[in-house]
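Heads up: the structure comes next, in structure tokens.
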Amino acid sequence: MTTPTSDEGILLSFPRGLLGFPHLTAYRLFEPADGYPLKFLQAVDQPSVSFVCMDPVGLKPDYAVPLADADAETLAIEAPSEALVLTLVVIPADPRRMTTNLAGPLVINTRTRVGLQVALPGDRFPLKFPVFPQA
641 MTTPTSDEGI LLSFPRGLLG FPHLTAYRLF EPADGYPLKF LQAVDQPSVS
691 FVCMDPVGLK PDYAVPLADA DAETLAIEAP SEALVLTLVV IPADPRRMTT
741 NLAGPLVINT RTRVGLQVAL PGDRFPLKFP VFPQA
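If you use our numbering, the sequence shown corresponds to residues 641 to 775, in order.
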């Protein structure tokens with residue numbers, strides 16, 4: 641999102657919740673300053689539920705999220721510049737093995753601040769895509 645955030649983050653609405661958390665629909669997105677690649681998404685009503693997320697395009701330049709008609713209608717994105725796509729990150733004990741979920745991205749309308757988690761069909765994008773190349 642292009643607006644700077646305060647310590648309170650940017651308030652977002654996920655009307656369908658996230659996978660596994662359908663009852664949690666209000667979240668705050670925290671974007672650390674200075675180009676830090678990871679962002680933090682925290683449930684408003686249950687702050688212990690939080691997620692690390694990132695923009696996946698730096699890892700996979702051809703990454704694109706096709707939206708079903710119902711999802712496109714819910715998001716009401718009028719221009720490509722209004723769409724923010726983030727993927728959830730898993731950070732294990734060894735952070736060099738960090739992965740991101742390309743199969744279940746978050747798509748957020750930056751104008752309305754409404755988002756959805758989309759389950760992409762097929763196996764084109766993996767659930768666990770390495771953030772760092774494995775040597």
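Think of the CB as a built atom: it goes at the ideal place given N, C-alpha and C, for glycine as much as any other residue. If you're wondering where the values come from, they're calculated on a predicted model, not measured in any experiment.
Leu742 carries a coil assignment under DSSP once its states are collapsed to helix, strand and coil. The beta carbon of Phe661 is closer than 8 Å to those of Ala683 and Val689 in its chain, skipping five residues each way along the sequence. In the three-state DSSP reduction, Ala716 falls in the coil class, being neither helix nor strand. Under DSSP, Lys679 forms a beta bridge with Cys693. Boundaries of the beta strand (DSSP E) around Gly755: Val754 to Gln757. By the neighbour-count criterion, in which 16 or more other beta carbons inside 10 Å mark a residue as buried, Gln686 falls on the exposed side. The beta-carbon separation of Thr740 and Phe769, rounded to 5 Å, stays under the 8 Å limit for a contact. Under the three-state reduction of DSSP output, Ser653 falls in the strand class.
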